[in-house]
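Asker: In the working numbering, the protein residues as written are 230 to 372.
No residue lacks a Cβ here, since even glycine has one placed at the ideal position from N, Cα and C.
Submitted below is the structure of interest, expressed as C-alpha cells.
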Amino acid sequence: MNNKLNVLLSDLVVFYHKLQNKHWYVSGQSFFQIHPELENLYNAVLPQVDTVGELILMNGGKPVSTLKEFLANAKLSEGTDAYVTSVKTLYSELLPDYQYLLKSVTEIKEAADAENNYLVSAKMDEFIASYAKTIWMLNQALL
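Dropping the structure here:
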C-alpha cells in the first residue's frame with residue numbers, strides 16, 4: 230500500500246509543479262481566463278500532497294521527500310516552459326493527467342478496501358470525487 234501511495238505522492242508533487250509551470254507561462258488573449266484557473270487547480274493539489282504523505286506515515290511507511298525521489302517515482306511527466314496561449318490546448322493537455330490520477334486513486338481505493346484499510350479508502354473517495362468533477366468540467370469546456 231505504501232509503495233502505491235508513494236507513487237501517488239510523487240505524481241501529485243510533479244503535477245503540482247506542472248500546473249504551476251503552466252500558470253507562469255500563460256500569455257495571450259486567454260490570460261485572464263487561464264491564469265486564475267491554473268492557480269485554482271494547483272491550489273487544490275497542494276493539500277492532497279500533504280494528505281498522502283501523512284497517510285503513508287499513519288500506515289507506518291516513509292514518504293519519499295526529495296525532488297530526485299519524486300521524479301524517479303512519478304508516472305506523470307513534468308511540464309515544459311512552452312507558453313500556454315489556448316484554453317483548448319491547455320485543457321486537452323491536462324485531461325489525460327486527471328484521468329490518470331482518477332485511475333490511480335481508484336486502484337489505491339480498491340487495494341485499501343481489500344486490506345480493510347478504511348482510512349486510505351475514505352481519503353481516496355475524496356480524491357475520486359475531486360478528480361471526477363475536474364474531468365467533467367474539462368470535458369464540458371472542450372465541447
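#1: Taking C-beta to C-beta, are residue 284 and residue 234 nearer than 8 angstroms?
#2: Apart from the five residues just before and just after residue 300, which ones in its own chain have a Cβ nearer than 8 angstroms to its Cβ?
#3: Leaving out the 5 sequence neighbours to the left and right, which residues in its chain are closer than 8 angstroms to residue 321 when beta-carbon positions are compared?
#4: For residue 293, which of helix, strand or coil comes out of DSSP?
#5: So, at 8 angstroms on beta carbons, what are the nonlocal neighbours of residue 361 in its own chain, with the 5 sequence-adjacent residues on each side left out?
#6: How would you write the range of the alpha helix (DSSP H) that residue 380 sits in, first residue to last?
#7: How would you label residue 303, buried or exposed, when you count the other beta carbons within 10 angstroms and need 16 or more for buried?
#8: For residue 353, is the classification buried or exposed, using 16 other Cβ atoms within 10 angstroms of its Cβ as the cut-off for buried?
#9: Does the beta-carbon of residue 260 have 16 or more other beta-carbons within 10 angstroms, so that it is buried, or is it exposed?
#10: Return the chain-ordered list of same chain residues with a C-beta closer than 6 angstroms to the C-beta of residue 342, the five sequence neighbours on each side being excluded.
#11: List the whole-angstrom C-beta distance separating residue 256 from residue 314, where the pair is believed to meet the contact cut-off of C-beta under 8 angstroms.
Answerer: Inspection of the coordinates gives the following:
#1: The residue given as residue 284 occupies position 55 in the sequence shown. The residue given as residue 234 occupies position 5 in the sequence shown. Cβ atoms of residue 284 and residue 234: closer than 8 angstroms.
#2: Position 71 of the sequence shown, counted from the start, is the residue given in the question as residue 300. The answer, listed in chain order, is 239, 243, 307.
#3: Residue mapping note: residue 321 aligns to position 92 of the sequence shown, counting from 1. Within the same chain, residue 321 has close Cβ partners 371.
#4: Walking along the sequence shown from the start, residue 293 turns up at place 64. Shown here, residue 293 sits in coil according to DSSP, grouped into three states, outside any helix or strand.
#5: The residue given as residue 361 occupies position 132 in the sequence shown. Excluding residues within five positions, the ones whose Cβ falls inside 8 angstroms are 331.
#6: Shown here, the chain extends from 230 to 372; a query on residue 380 therefore has no answer.
#7: For this step, residue 303 is matched to residue 74 along the sequence shown. Under a 10 Å Cβ-count criterion, residue 303 is classified as buried, with 16 or more other Cβ atoms of the shown protein chains found around its own Cβ.
#8: One-based indexing of the sequence shown puts residue 353 at position 124. Around the beta-carbon of residue 353, 16 or more other beta-carbon atoms lie within 10 Å, marking it buried.
#9: To locate residue 260, count along the sequence shown from 1; it is residue 31. Exposed, by the Cβ-count rule.
#10: As a working mapping, residue 342 is identified with position 113 in the sequence shown. Residues of the same chain with a CB within less than 6 angstroms of the CB of residue 342, apart from the 5 flanking positions on each side, are 350 in chain order.
#11: For the purposes of this step, residue 256 is taken as residue 27 along the sequence shown, with counting starting at 1. For the purposes of this step, residue 314 is taken as residue 85 along the sequence shown, with counting starting at 1. Correct: roughly 6 angstroms between the Cβ atoms.
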